[in-house]
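Accompanying notes for the structure given below.
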Amino acid sequence: SSVMKVKAASQTKNTDAVIADDDTLVFAVGASETWAFRITFFYTQSNNSGNLDVTMAGPAGCTIAFNVNNTQIPVSSIGNAGATEVLIDGTAGVTYMVEITGTIINSTTPGNCAFRWAQNVSHASNLVVLGGSSLIAVKS
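Position 123 of the sequence shown, counting from 1, maps to 222 under this note's numbering, and the rest follow consecutively.
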């Protein structure tokens, strides 16, 4: 089984440092399933101060291991809550491509595996994950 999703439209956050699920880059994970995933997203920001925090989150009891552009996140710090956020420091007016690769090993609770993001610091400027960003996930 596999899933592929592409954002049809851009999603904007401003004055919003609360990490939350992306509105498209999410997939369902059943009980006791294992998935591998790759998220390729494009983003831009209109001010140097907001920057971007990203993480992955899944159902209660799951284990998620992921890396962001080859920045490895220790597996011991990753759980289902997406507690480890990765700061991506960008420059205003530049469009960036970022890749997240990883796996989710689920326990007995079905739910979603979600790409989550927000401004690192709440700022009244636009942080935009662009349309055309994508997710590919494959169940093992």
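We treat Cβ as the ideally placed atom computed from N, Cα and C, and that holds for glycine. Since the structure is predicted, the reported quantities are computational estimates derived from the model, not experimental observations.
Proximity winner among the options, relative to residue i (alpha-carbon distances)
i, options, result
"Thr114", "Ala236, Gln218, Ser232 and Val125", "Gln218"
"Val185", "Ile204, Asn205, Leu151 and Gly157", "Leu151"
"Gly129", "Val220, Ala213 and Pro209", "Pro209"
"Ile235", "Asn168, Ser206, Leu226 and Thr200", "Thr200"
"Val167", "Cys161, Glu198, Tyr142 and Ala223", "Glu198"
"Ala164", "Ser239, Ile204 and Phe126", "Ile204"
"Ile118", "Ser239, Arg215 and Lys112", "Arg215"
"Gly157", "Trp134, Lys112 and Phe141", "Trp134"
Length of the line joining the Cα atoms of residue i and residue j
i, j, result
"Asp122", "Thr183", "20 angstroms"
"Thr202", "Asn146", "33 angstroms"
"Ser109", "Thr139", "14 angstroms"
"Met155", "Gly189", "20 angstroms"
"Ser101", "Asp120", "20 angstroms"
"Val227", "Val153", "13 angstroms"
"Val237", "Gln144", "31 angstroms"
"Gly178", "Ser233", "Here Gly178 scores only 48 on pLDDT, less than 50, and its place in the model should not be relied on; the value that follows carries that caveat. Their Cα atoms are separated by approximately 23 angstroms."
"Ser176", "Ser221", "Bear in mind that a pLDDT of 46 at Ser176, under 50, signals an unreliable position, so the model cannot answer this."
"Cys212", "Ala116", "20 angstroms"
"Ser224", "Ile187", "16 angstroms"
"Leu229", "Leu124", "12 angstroms"
"Thr162", "Arg137", "16 angstroms"
"Gly160", "Thr207", "7 angstroms"
Range of the contiguous beta strand (DSSP E) that encloses residue i
i, result
"Glu198", "Tyr195 to Ile204"
"Thr123", "Ala119 to Val128"
"Leu234", "Ser233 to Lys238"
"Val185", "Val185 to Ile187"
"Gly210", "Gly210 to Gln218"
DSSP three-state assignment for residue i, whether helix, strand or coil
i, result
"Thr143", "strand"
"Cys161", "coil"
"Asn225", "coil"
"Gln154", "The sequence given here places Thr at residue 154; Gln does not occur at that position. Strand at Thr154."
"Lys106", "coil"
"Ser131", "coil"
"Asn168", "coil"
"Ser101", "strand"
"Thr111", "strand"
Determine contact between the segment 100–108 and the segment 187–200, defined as no fewer than three beta-carbon pairs at a distance below 8 angstroms.
With fewer than three CB-CB distances shorter than 8 angstroms, the segment 100–108 does not count as touching the segment 187–200.
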